[in-house]
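Going by our numbering, the sequence shown opens with residue 402, and the numbers climb by one from there.
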Amino acid sequence: MEPEETESGHESGLPVRREDYSRILWIGVAATLFVFFIEMFGGYVSGSLSLLSDAGHMVIDASSLLLTLSAIQAARSLPTRQRSYGLHRAGIFAAFLNGLLLIGVSIWILYVAYQRVLFPQAVESTVMLIVAVAGLAANVVIAALLHGSRDLNIRGAFLHVVGDALSSIAVVVAALWIMATGQVLADPILSAVIAMVILVTALGVLQESTEVLFQFTPRDLNPEDVIREMMAVPGVLGVHDLHIWSLSSSIRVMDAHVYSCEEDVRENERIKHEIKRRLEDFRIYHSTLEFECEECRNEGDQACTLTRGES
């Protein structure tokens, strides 16, 4: 359903085209905590430090999923006079924290791997293998349920689960290698590789969430393309003071000045509706357009500077 507009031309509400992942996230939390207890027990019985490390990773995964759930509930809150946009940024802030947690996890895994290289320990590889396979199966199911969302916060949770699935794969491979050769160094080597993968993905989540928090133009959107499309509307003579930013990973906001000297109010309404229709191609559903009959020409005007993209 398209967002409604008031008589003044402003949309009455923000369209929240967000998939409802609440039930899936709750299932993920339950499954993650269940595997955590299994890996803690298996790590203690087998003497496998990698299983205990993966159990610690599971705790952070559960925290990440709970944090995501809290953010989704907060984002659903209705706007108020003090919070005119609601709490949509809560999800982005949670994604930012998820990125920090992922970086912490990767550093911790690297440290543990380094310790295991210095001080190798014998492990019960059969128990290690069984528990690792159980953990891997749980992570694969959760990852499949979360896969495909455009929501940055859900993607952060998905990366958490994928990182833990990779960790479980490493434990499985290490257990098989230890069973075949007796060489326990396979475990810390694979763990270090996984830690680097997690670190790279975490930096990506951190960078993207930071860009939203600082109100950068969405990275997949070229403002010049937006201006060009607006200028193609009959009656539009110029566009300046253009600002595009994101409230969340699924909600984009734009405001701009439109240079048009149409004296007919109904014609201006037609122009406005046509511009808004074209903006939907850029996934911009909330926009504020100010019509004026004098185009920005002052070189020192900040609005003109922003439009040209100068610093």
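Glycine included, each C-beta is placed from N, C-alpha and C at the ideal position.
Helix, strand or coil, according to DSSP, for residue i in the structure here?
| i | result |
| --- | --- |
| D665 | coil |
| F615 | coil |
| D621 | coil |
| E693 | strand |
| S610 | helix |
| V659 | strand |
| V640 | strand |
| Y486 | coil |
| S688 | strand |
| P521 | coil |
| G583 | coil |
| T481 | coil |
| A633 | coil |
Report the rounded CA-to-CA distance for residue i versus residue j, giving the unit in angstroms.
| i | j | result |
| --- | --- | --- |
| V601 | E663 | 52 Å |
| M632 | N499 | 40 Å |
| A495 | A576 | 35 Å |
| P589 | A514 | 4 Å |
| V528 | V606 | 35 Å |
| F692 | R424 | 45 Å |
| A603 | E670 | 45 Å |
| G448 | I570 | 18 Å |
| I508 | A593 | 9 Å |
| E695 | L643 | 16 Å |
| A456 | R620 | 36 Å |
| A704 | A657 | The predicted model places A704 with a pLDDT of 49, which falls under 50 and marks its position as unreliable; any figure quoted below should be read in that light. Rounded to whole angstroms, A704 to A657 spans 10 Å at the Cα level. |
| I504 | F437 | 20 Å |
| H561 | I510 | 14 Å |
| L546 | V634 | 42 Å |
| E440 | E675 | 58 Å |
| V541 | L502 | 21 Å |
| G583 | S471 | 45 Å |
| L434 | V627 | 46 Å |
| F559 | H548 | 7 Å |
| H458 | P624 | 41 Å |
| R418 | S550 | With a pLDDT of 45 at R418, under the threshold of 50, the modelled position of this residue cannot be trusted, and the question is left open. |
| S413 | I473 | Its pLDDT being 40, under 50, S413 is placed unreliably in this model, and the coordinates cannot settle the point. |
| A427 | I461 | It should be noted that the sequence gives Trp, not Ala, for residue 427. Computed Cα separation, rounded: 15 Å. |
| A596 | S454 | 12 Å |
| R709 | Y660 | Residue confidence for R709 is low, a pLDDT of 45 falling below 50, so the modelled location carries little weight and cannot support an answer. |
| E612 | I645 | 12 Å |
| H641 | Q608 | 28 Å |
| V430 | S464 | 8 Å |
| A544 | I599 | 15 Å |
| V532 | V574 | 12 Å |
| F442 | R484 | 47 Å |
Sort out for me which residues DSSP pairs residue i with in a bridge.
| i | result |
| --- | --- |
| E675 | Partner(s): none; E675 has no beta bridge. |
| S647 | R653 |
| L714 | Nothing in the structure corresponds to residue 714, since the chain is present only between 402 and 712. |
Does residue i get closer than 8 Å to chain B when you measure Cβ to Cβ?
| i | result |
| --- | --- |
| A535 | No chain B appears in this structure, which consists of one protein chain only. |
Is it the case that the region 479-497 contacts the region 643-656, given that we only count it when at least three CB pairs across the two stretches are under 8 Å? yes
Which residue spans inside the region 422-454 form an unbroken alpha helix (DSSP H) run of at least 4? 423-447
Using 8 Å as the threshold, is the region 531-540 in touch with the region 556-569, meaning 3 or more CB pairs across them? yes
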